[in-house]
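Colleague:
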Amino acid sequence: MNLEAYNKQALQKQKEHKKFLDGLKKKPPKNLDYITQETHEQVFEKIDCLQCANCCKTTGPLYTEKDIDRISKHLRMKQADFEAKFLRTDEDNDKVLQNLPCFFLNDDNTCSIYDVRPKACREYPHTDRKKIFQINHLMIKNTVICPAAFEFVERMMKNVNKL
539 MNLEAYNKQA LQKQKEHKKF LDGLKKKPPK NLDYITQETH EQVFEKIDCL
589 QCANCCKTTG PLYTEKDIDR ISKHLRMKQA DFEAKFLRTD EDNDKVLQNL
639 PCFFLNDDNT CSIYDVRPKA CREYPHTDRK KIFQINHLMI KNTVICPAAF
689 EFVERMMKNV NKL
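Okay, so the sequence shown: first residue is 539 according to this note's numbering, each after it adds one.
#1: Can the beta-carbon of Ala-686 be found closer than 7 Å to that of Ile-573?
#2: Taking 7 Å as the cut-off, decide whether the C-beta atoms of Ile-683 and Thr-577 are in contact.
#3: Which class does Arg-693 belong to by DSSP, given the choice of helix, strand or coil?
#4: For Arg-626, write down the residues that DSSP places opposite it in a beta bridge.
#5: If we count Cβ pairs, one from each stretch, closer than 8 Å, do we get three or more for the region 559 to 574 versus the region 669 to 681?
#6: Under three-state DSSP, which class holds Cys-587?
#7: Under three-state DSSP, which class holds Cys-594?
#8: Check Cys-659 in the structure and name its three-state DSSP category.
#9: Using C-beta distances below 7 Å, list every residue in its chain close to Leu-638, excluding the 5 sequence neighbours before and after it, in chain order.
#10: Judging by CA-CA distance, which residue of Arg-614, Gln-636, Pro-567 and Cys-649 is the nearest neighbour of Arg-626?
#11: Beta-carbon within less than 7 Å of Ala-658's beta-carbon, same chain only, minus the 5 sequence neighbours each way: which residues are those?
#12: Rounded to whole angstroms, how far is the Cβ of Phe-620 from the Cβ of Phe-641, which I believe are closer than 8 Å?
#13: Contact defined as beta carbons within less than 8 Å: I believe Ala-591 pairs with Leu-643. What is the distance between those atoms, to the nearest angstrom?
#14: Could you check what DSSP says for Leu-643 in three-state terms: helix, strand or coil?
#15: Considering only the alpha carbon of each residue, which of Ile-651, Pro-656, Asp-630 and Gln-575 lies closest to Glu-603?
#16: Applying the 10 Å Cβ sphere with the 16-neighbour rule, what's the burial state of Glu-629?
Put into structure tokens, the structure is as follows:
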């Protein structure tokens, strides 16, 4: 997987992608959620996250209190110790990783806490959610980081235009 090529393409197509996504927001097709789910499934038949893991290498998730509770229990640590070891509070007052790539990313791109990973990691790149237009700003950011998000927007453009 050539991340540089995806990144370059995503940057070149940002205006086109933004225009398309803004159009979905202004006038969503009646069956948008169905098209979104179908497109998500098409993309993940083609793309294997374990070949990439760019999200884990370059972008830290937000950690909710539930995430911190669940992961610290899994690691048999006190919440405060978990936070002190792995997290910091950012400028938006969110709990995020102290360092990237993610500490829990293994050499083979698997996650050492996969079964208890943060909600943000479970949902990334957010290509299977209903009312996809509600996260247009996030989708545009994700296309530059995640080949699956880029492919998703590209395919959505084709799938919606078929209507």
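In this text, a Cβ means the ideal position worked out from N, Cα and C, and glycines have one as well.
As the structure is a prediction and not an experimental result, all values here were calculated from the model.
Modeller: Result, derived from the coordinates:
#1: no
#2: For Ile-683 and Thr-577, no; Cβs fall outside 7 Å.
#3: helix
#4: Val-634
#5: yes
#6: helix
#7: helix
#8: helix
#9: Lys-595, Thr-596 and Gly-598
#10: Minimum Cα distance to Arg-626 is reached at Gln-636.
#11: Result list for Ala-658: Pro-599 and Leu-600, in chain order.
#12: 11 Å between Cβ atoms; not a contact.
#13: Confirmed, about 6 Å.
#14: strand
#15: Pro-656
#16: exposed
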